[in-house]
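In this note's numbering, the protein residues as written are 13 to 152.
A virtual CB, placed ideally from N, CA and C, is assigned to each residue, including glycine.
Step one of this worksheet: look at the structure below.
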Ligand SMILES: [Zn+2]
Ligand SMILES: [Zn+2]
């Protein structure tokens, strides 16, 4: 809350954020030192036009997954695509059509409806082998 009152000398409006009753404020208009009067009224800190308008943020549009099988565990079609995983980065999940069921949390291959655990392990092993081959070639 800020206090607002009128300058004794020139009548200009003074708004103070920090001063209390009886303390002196400097009038911006004439420079006079004016005591905050008891009749000073509390006011909002910022006028309406300064306050940021609350713009409701639009929720991100859910990606509609077409051509995906329903969840093999609970049958839900409320799925979302996994875009990044620790094991495959961005590439891995897109290769396996890796999706997650929003209802039960099951992760599976969205086109076959099978678990991706096997392929993921294979993918990781191949990844490691390739990494070792690359490292071996570099160290020659
Ligand atoms: Zn004044
Ligand atoms: Zn499910």
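* **Pick from 100, 80, 151 that is closest to residue 91, judged by C-alpha positions** => Ranked by Cα distance from residue 91, the first of 100, 80, 151 is 80.
* DSSP beta-bridge partners of residue 81 -> When DSSP reads this structure, residue 81 sits in no beta bridge, so it has no partner.
* To do: Taking only heavy atoms of ligand 2 into account, decide whether any of them is closer than 7 Å to the Cβ of residue 88.
  => When distances are taken from the beta-carbon of residue 88 to the heavy atoms of ligand 2, the shortest one is below 7 Å.
* **Residues near residue 22 in its chain [Cβ-Cβ closer than 6 Å; skip 5 each side]** => Within the same chain, residue 22 has close Cβ partners 41, 42.
* Asked: Which first and last residues belong to the beta strand (DSSP E) in which residue 113 is found?
  -> 110–113 is the extent of the beta strand (DSSP E) around residue 113.
* **Beta-carbon contacts of residue 54 that lie in its chain and below 7 Å, excluding the five residues immediately before and after** => Cβ within range, chain order: 13, 15.
* Asked: Can you tell which of 18, 87, 105 has its C-alpha closest to the C-alpha of residue 94?
  -> Per the Cα distances, 105.
* Is residue 85 near ligand 4, in the sense that its beta carbon is under 7 Å from a heavy atom of that ligand? -> Questions concerning ligand 4 fall outside what the structure shown contains, since the ligands it does hold are ligand 1 and ligand 2.
* To do: Determine the direct distance from the alpha carbon of residue 48 to that of residue 35, and round the result to whole angstroms.
  => Those two C-alpha atoms are separated by around 6 Å.
* Residue burial classification, residue 24 (beta-carbon count within 10 angstroms, cutoff 16) -> When all chains shown are included, residue 24 counts as exposed.
* Consult DSSP for residue 64 and reduce its assignment to one of helix, strand or coil. => Because residue 64 sits at a pLDDT of 47, beneath the cut-off of 50, its placement in the model cannot be relied upon, and the following sentence gives the value as read from the coordinates. Note: residue 64 maps to coil in three-state DSSP.
* Tell me whether residue 31 sits in a helix, a strand or coil according to DSSP, three-state version. => Of the three classes helix, strand and coil, the one that applies to residue 31 here is coil, per DSSP.
* Quick one, are the C-beta atoms of residue 33 and residue 50 less than 8 Å apart? -> Yes, the pair counts as a contact, with Cβ atoms nearer than the cut-off.
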